[in-house]
């Protein structure tokens, strides 16, 4: 591995960008694949998930920066292990899956606690896993690559561009959801 070790600020910015972009990409993909609109309107999801037209759903992608900071603060403590070894991406991914998905402290969908302590059917737990497992894999792989190849300006350019677009779309969605902006042609039959 190269000798490059990111500063906390560098790692935080990169983690925010990669997390937000992969979160949004996987969210859109699985919203389409799993028909979230119908799924969120039926039990058990309707009892604990907001409907897709709720303003906080629109704000969700822009608020992922908060989670990016939290991930970066954790990764920074382990930066030598995660970014200084050949298979660091795999270590980062396993940490995300083990602690953030399967073994959460609360009964989240897809987690051991969720399976034990909720009345959510096992099928719902299982179908929630591909999105978060794949997103965590993309986060680990892309972040590992970018940290170890800071000279790859093309990657920074792509991630910054997509990040800005995601934030703009999220902001516009929030403003529409709050009724501040009106969608052109909305309500026309």
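In my numbering, the protein residues as written are 420 to 608. Here a beta-carbon is modelled for each residue, glycine too, at the ideal position from N, C-alpha and C.
Quick one: grab the DSSP three-state call for residue i.
i, result
"residue 421", "Only weak support is given to the placement of residue 421: the predicted model assigns it a pLDDT of 49, under 50, and the value that follows is read from those uncertain coordinates. Three-state result, residue 421: coil."
"residue 456", "helix"
"residue 589", "helix"
"residue 604", "coil"
"residue 433", "helix"
"residue 467", "coil"
"residue 599", "coil"
"residue 523", "coil"
"residue 503", "coil"
Less than 8 Å between CB atoms is the rule here; does residue i satisfy it with respect to chain D?
i, result
"residue 455", "Absence of chain D from the displayed structure is noted, only one protein chain being present."
Measuring alpha carbon to alpha carbon, tell me which of the options ends up nearest residue i.
i, options, result
"residue 540", "484, 527, 572 and 589", "527"
"residue 494", "596, 520 and 566", "566"
"residue 448", "543, 474 and 551", "551"
"residue 454", "441, 523 and 470", "470"
"residue 563", "444, 426, 474 and 498", "498"
"residue 547", "554, 529, 557 and 559", "529"
"residue 521", "508, 464, 531 and 514", "531"
"residue 519", "440, 554, 501 and 435", "554"
"residue 429", "513, 450, 575 and 461", "575"
"residue 485", "433, 595, 516 and 461", "433"
"residue 438", "571, 599, 604 and 586", "586"
"residue 588", "440, 431 and 512", "440"
Terminal residues of the continuous alpha helix (DSSP H) containing residue i?
i, result
"residue 544", "541 to 567"
"residue 480", "474 to 496"
"residue 534", "531 to 536"
"residue 511", "507 to 516"
Taking buried to mean at least 16 other C-beta atoms within 10 Å of its own C-beta, is residue i buried or exposed?
i, result
"residue 505", "exposed"
"residue 545", "exposed"
"residue 426", "exposed"
"residue 533", "buried"
"residue 559", "buried"
"residue 452", "exposed"
"residue 525", "exposed"
"residue 482", "exposed"
"residue 579", "exposed"
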